[in-house]
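Peer 1: For what it's worth, this note's numbering labels the leading residue of the sequence shown as 10, then goes sequentially.
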Amino acid sequence: QSPADNGDNGDGAPANWSHALIVDWGASSLTLSALSNPGGTGTLQLVRTTRDSSCSGRALSSLLVNHCASQFERRNRLPSGEVLASKRAKGRLERACEDALRTLGAAQGGSRAGCSVVVDGLYEGLDLNVPVSRPRFDALCGPFYRKAKAMIQAEAARLAEEQE
Numbered sequence: 010q011s012p013a014d015n016g017d018n019g020d021g022a023p024a025n026w027s028h029a030l031i032v033d034w035g036a037s038s039l040t041l042s043a044l045s046n047p048g049g050t051g052t053l054q055l056v057r058t059t060r061d062s063s064c065s066g067r068a069l070s071s072l073l074v075n076h077c078a079s080q081f082e083r084r085n086r087l088p089s090g091e092v093l094a095s096k097r098a099k100g101r102l103e104r105a106c107e108d109a110l111r112t113l114g115a116a117q118g119g120s121r122a123g124c125s126v127v128v129d130g131l132y133e134g135l136d137l138n139v140p141v142s143r144p145r146f147d148a149l150c151g152p153f154y155r156k157a158k159a160m161i162q163a164e165a166a167r168l169a170e171e172q173e
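1. DSSP has ASN138 in a bridge; who is on the other side?
2. Please determine, among SER63, GLN80, GLY130 and SER142, the residue with the shortest C-alpha to C-alpha distance to LYS156.
3. What ranges does the alpha helix (DSSP H) occupy inside the stretch 44–122, keeping only unbroken runs of at least 4 residues that lie completely in it?
4. Determine, using beta carbons only, whether LEU69 and LEU110 come nearer to each other than 9 Å.
5. Is THR52 close to chain C? Criterion is C-beta to C-beta, closer than 9 Å.
6. VAL127 and LEU137 look like a contact to me (Cβ under 8 Å); what is the Cβ gap, rounded to whole Å?
7. For ALA148, which three-state DSSP category applies?
8. Taking the beta strand (DSSP E) that ALA7 falls in, what are its first and last residues?
9. Looking only at its own chain, which residues have a Cβ that is under 8 Å from the Cβ of MET160, when we skip the five neighbours before and after it?
10. Between the alpha carbons of ARG83 and VAL92, how many angstroms are there, rounded?
11. Could you tell me the distance, in whole angstroms, from the CA atom of GLN162 to the CA atom of GLY130?
12. Would PHE146 pass as a contact of LEU73 if the rule is Cβ separation under 9 Å?
13. Taking the alpha carbon of LEU87 as the reference point, which residue from ASN46, GLY114, TYR132 and ALA116 has its own alpha carbon closest?
14. State the DSSP-derived secondary structure class of PRO12, mapped to helix, strand or coil.
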């Protein structure tokens with residue numbers, strides 16, 4: 010029996026789908042685009058777009074920056090917020106955290122791999138070295154993941170209601 014006999018077009022998706030939800034978690038926002046395929050013709054129509062700028066790649070980067078700064082301050086017995094008050098230190102830390110995010114993003118799903126955020130002479134000659142494992146990063150980002158999941162589930166439910 011061929012995949013076409015099962016209503017499958019060979020890529021695991023049903024051949025006669027009527028709606029799709031595109032998720033784009035970009036630097037500036039989480040965007041959900043609901044599409045329809047009226048009559049199964051393959052002509053896509055944009056139904057609606059939902060955007061949440063509080064759930065963005067920049068927010069995840071900022072979260073890691075704050076985590077690393079607080080770890081650095083705790084280890085070096087510095088007052089809270091002192092590192093981020095220095096524009097130079099904050100800029101260097103942001104660049105190092107962006108590199109770490111790329112490394113964490115390239116790790117295989119479910120991997121326990123991680124990386125270290127390292128900045129020589131970050132603040133007053135003190136070096137920063139904060140190890141960040143993928144599970145630790147996922148725990149830090151838990152609220153963002155839950156918010157994204159809720160948005161996706163709500164939009165999928167809306168599409169299902171419209172389909173009926």
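Every residue, glycine too, gets a C-beta built ideally from N, C-alpha and C. What you are looking at is a predicted structure, and each value in this text was computed from that prediction instead of being measured.
Peer 2: Taking the structure as given:
1. Within the sequence shown, numbered from 1, the residue matching residue 138 stands at position 129. Beta-bridge pairing links ASN138 to VAL127.
2. Working through the sequence shown from its first residue, we reach residue 156 at position 147. Out of SER63, GLN80, GLY130 and SER142, SER63 has the C-alpha closest to the C-alpha of LYS156.
3. Fully enclosed alpha helix (DSSP H) runs of 4 or longer: 66–84, 91–94 and 96–115.
4. For this step, residue 69 is matched to residue 60 along the sequence shown. For this step, residue 110 is matched to residue 101 along the sequence shown. Against a cut-off of 9 Å, the Cβ pair of LEU110 and LEU69 comes out as a contact.
5. In summary, chain C is missing from the structure at hand, where a single protein chain is found.
6. The sequence position of residue 127 within the sequence shown is 118, counting from 1. The sequence position of residue 137 within the sequence shown is 128, counting from 1. Sure, about 7 Å apart at Cβ, within 8 Å.
7. Counting from 1 along the sequence shown, the entry for residue 148 is found at position 139. DSSP places ALA148 in helix when its eight states are reduced to three.
8. The requested residue 7 does not occur in the structure, where the chain is confined to residues 10 to 173.
9. The count along the sequence shown starts at 1 and reaches residue 160 at position 151. Cβ within range, chain order: LEU39, LEU41, THR59, ASP61 and CYS64.
10. Here residue 83 refers to the residue found at position 74 when the sequence shown is read from its first residue. Here residue 92 refers to the residue found at position 83 when the sequence shown is read from its first residue. Roughly 11 Å between the two C-alpha positions.
11. Against the sequence shown, residue 162 aligns to sequence position 153. Against the sequence shown, residue 130 aligns to sequence position 121. The alpha-carbon atoms of GLN162 and GLY130 are separated by roughly 45 Å.
12. As a first step, residue 146 is located in the sequence shown; it is residue number 137 there, counting from the start. As a first step, residue 73 is located in the sequence shown; it is residue number 64 there, counting from the start. A contact, by the Cβ cut-off of 9 Å.
13. Within the sequence shown, the letter at position 78 stands for residue 87. Nearest in C-alpha terms to LEU87, of all of ASN46, GLY114, TYR132 and ALA116, is TYR132.
14. Walking along the sequence shown from the start, residue 12 turns up at place 3. Any reading at PRO12 must be qualified, since the residue scores a pLDDT of 40, below 50, and its modelled position is unreliable; the value itself is stated next. Helix.
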